[in-house]
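Structure first, commentary second.
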Amino acid sequence: MGDMMKASNRILITGATGQIGSELTMALRERYGKENVIAMGHRRKPSEVLESSGPYITGDVRDREKLEKIIKEYDIDTVYHMA
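Letter by letter, the sequence shown follows residues 27 to 109 in my numbering.
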């Protein structure tokens, strides 16, 4: 995975407030930089660590317009769908 991604990639993680999503978010932020990994959650309130460690967006992946806006606004090229 790491060899295929360059440092400038922008990553969106849906379901970032779940156990796997939050762990993946923190690991990718450590590897690629907090500004390059955008966390997105819907049902649970994010932990303070998750929210303070980089960009966090509250949103539902079923909201297509909002999802498209996030992808364009943050120039996302990789999505991990953990929701």
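Glycine is no exception: its CB is placed at the ideal position from the N, C-alpha and C atoms.
All values derive from a computational prediction rather than experimental measurement.
Endpoints, beta strand (DSSP E) assigned at residue i
{"i": "Y82", "result": "82-84"}
{"i": "M108", "result": "Unbroken run through M108: none, as it is neither H nor E."}
{"i": "A65", "result": "63-67"}
{"i": "I102", "result": "It is not in any beta strand (DSSP E) - I102 carries neither H nor E in the DSSP assignment."}
{"i": "T40", "result": "37-40"}
Sub-8 Å separation of residue i and residue j beta-carbons
{"i": "I64", "j": "Y100", "result": "yes"}
{"i": "I134", "j": "M108", "result": "Nothing about residue 134 can be reported from this structure: the residues present for the chain run from 27 to 109 only."}
{"i": "T104", "j": "M66", "result": "no"}
{"i": "L76", "j": "T43", "result": "yes"}
Cβ-Cβ separation, residue j to residue i (assumed contact under 8 Å), whole Å
{"i": "S73", "j": "R55", "result": "S73 to R55, Cβ: 13 Å. No contact."}
Cβ neighbour criterion (16 or more within 10 Å) applied to residue i
{"i": "T84", "result": "exposed"}
Residue i, enclosing alpha helix (DSSP H) - first and last residue
{"i": "R57", "result": "45-58"}
{"i": "V75", "result": "74-78"}
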